[in-house]
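Novice: Numbering (this note's numbering), first residue to last: 1282 to 1441. The C-beta atom is built at its ideal place from N, Cα and C for all residues, glycine as well. Please see the structure below; I have some questions.
Printed below as a string of C-alpha cells:
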C-alpha cells in the first residue's frame, strides 16, 4: 500500500528509502556512519553503504534503481531502497534482503550484472539468481558499481 509508505532521503545521498512510517514520527532508518564510531551494541542489522550512509534493516528490503515490490513474491512485506546509479549497472530490482530474526539472507533478483559477496578481501563470489545466501557479519555485497558492508545484530554487551 503506497499510501502507507513514507519516503526518506538524505541530501546528496545515493540512497532513498521507502518504509512504513514509525509510531515515533521518525520516517528514516538512515544515518551517516564512521566505521570507527559505530556502536557495538546494536540489535538491528545494518547496511553500511559506499557513500557513507548506514541503513538499519527493518525487515525484508528490495534494493535497486527503481525497485518495484509488485514483481516479487508477497510484495506487501517489502520495504524498498532506491540506489542512484548513473551508469545503470544496478538493475531496477537488483537484490532482496530477507530478515528472519537475527539472520539476513540476500537474493539476486536475476539482475543483469549480478551480485557478488566478498567474504574474504579480494575474493568475490557471484550469487546465483534467486538462490538465498545467508550474510555473515562483515561481508561486503557488490552490485553494479555499488556496495555495502553487512553488520549483523549484536546483543548489548556481546563481544561478537
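#1: For residue 1342, I'd like the list of residues in its chain whose CB is within less than 6 Å of its CB, leaving aside the five on either flank, ordered along the chain.
#2: Just the C-alpha distance for residue 1310 and residue 1386, rounded to the nearest angstrom, thanks.
#3: What is the DSSP secondary structure of residue 1324, reduced to helix, strand or coil?
#4: Just curious, the beta strand (DSSP E) that residue 1377 is in, first and last residue?
#5: Using three-state DSSP, classify residue 1357 as helix, strand or coil.
#6: In the DSSP assignment, find the beta strand (DSSP E) that holds residue 1345 and state where it starts and stops.
#7: Residue 1364 and residue 1381: beta carbons closer than 9 Å?
#8: Would residue 1396 and residue 1423 be called neighbours here (beta carbons separated by less than 9 Å)?
Specialist: Let's see:
#1: Walking along the chain shown from the start, residue 1342 turns up at place 61. Excluding sequence neighbours, residue 1342 sits near 1360, 1362, 1378.
#2: As a working mapping, residue 1310 is identified with position 29 in the chain shown. As a working mapping, residue 1386 is identified with position 105 in the chain shown. At residue 1310, the pLDDT of 42 sits below 50, so the modelled position is not reliable and the matter cannot be decided from this model.
#3: Locating residue 1324 in the chain shown gives position 43, where the first residue counts as 1. Note: residue 1324 maps to coil in three-state DSSP.
#4: As a first step, residue 1377 is located in the chain shown; it is residue number 96 there, counting from the start. 1376 to 1381 is the span of the beta strand (DSSP E), which, as asked, contains residue 1377.
#5: Taking the chain shown and counting its residues from 1, the one referred to as residue 1357 is at position 76. Residue 1357 falls in the helix class under three-state DSSP.
#6: Mapped onto the chain shown, residue 1345 falls at position 64. Its beta strand (DSSP E) spans residues 1341 to 1345.
#7: Start at 1 with the first residue of the chain shown, and residue 1364 comes out as number 83. Start at 1 with the first residue of the chain shown, and residue 1381 comes out as number 100. The answer is no: Cβ separation not under 9 Å.
#8: Against the chain shown, residue 1396 aligns to sequence position 115. Against the chain shown, residue 1423 aligns to sequence position 142. The answer is yes: Cβ separation under 9 Å.
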